[in-house]
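*Asks:* Mapping of the sequence shown onto numbering that gives the first Met the number 0: residues 0 to 76, in sequence order.
The C-beta atom is built at its ideal place from N, Cα and C for all residues, glycine as well.
Take this structure first; my questions come after.
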Amino acid sequence: MHSKQTVKYICEQYTSGSVYYFKMEYITHDKWSNLHSIEWSAPRPIRRETFLKRKRQGYLCEIYQRSSAKVVPFQKR
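Laid out in structure tokens, this is it:
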């Protein structure tokens with residue numbers, strides 16, 4: 000388990016009503032002293048309950064409002 004400084008929880012809310020929850024961890028590909036090897040991990044899906052629990056515990060939680068994707072119709076030839 001990561002500390003409060005090395006993990007963040009993300010909530011993405013779409014205008015369509017869909018809500019997705021993710022966790023991202025601060026990781027290194029070499030060693031912590033090599034600053035060029037440090038980055039956020041790929042987002043991992045989590046449950047809503049986990050997001051709310053971590054928010055109450057004081058972890059970094061970010062909420063993003065996103066618009067739904069636009070449907071682009073293809074023209075028939």
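Is Lys22 near Ile37, with beta carbons less than 8 angstroms apart?
*Replies:* Their beta carbons are not under 8 angstroms apart, which means Lys22 does not touch Ile37 by this criterion.
*Asks:* Would you decide whether Tyr63 is buried or exposed? Buried here means 16 or more other CB atoms lie within 10 Å of its CB.
*Replies:* It counts as exposed.
*Asks:* Enumerated in chain order, which unbroken segments of the beta strand (DSSP E) with a length of 3 residues or greater are wholly contained in the stretch 3-33?
*Replies:* You should have 6-13 and 18-27.
*Asks:* Suppose contacts are defined by Cβ-Cβ distances below 8 angstroms. Is Ser40 in contact with Glu24 by that definition?
*Replies:* Taking 8 angstroms as the Cβ cut-off, Ser40 and Glu24 qualify as a contacting pair.
*Asks:* How is Arg47 classed by DSSP in three states: helix, strand or coil?
*Replies:* The answer is helix: DSSP assigns Arg47 an H, G or I state.
*Asks:* Mapping DSSP to helix, strand and coil, what is Arg55?
*Replies:* Note: Arg55 maps to helix in three-state DSSP.
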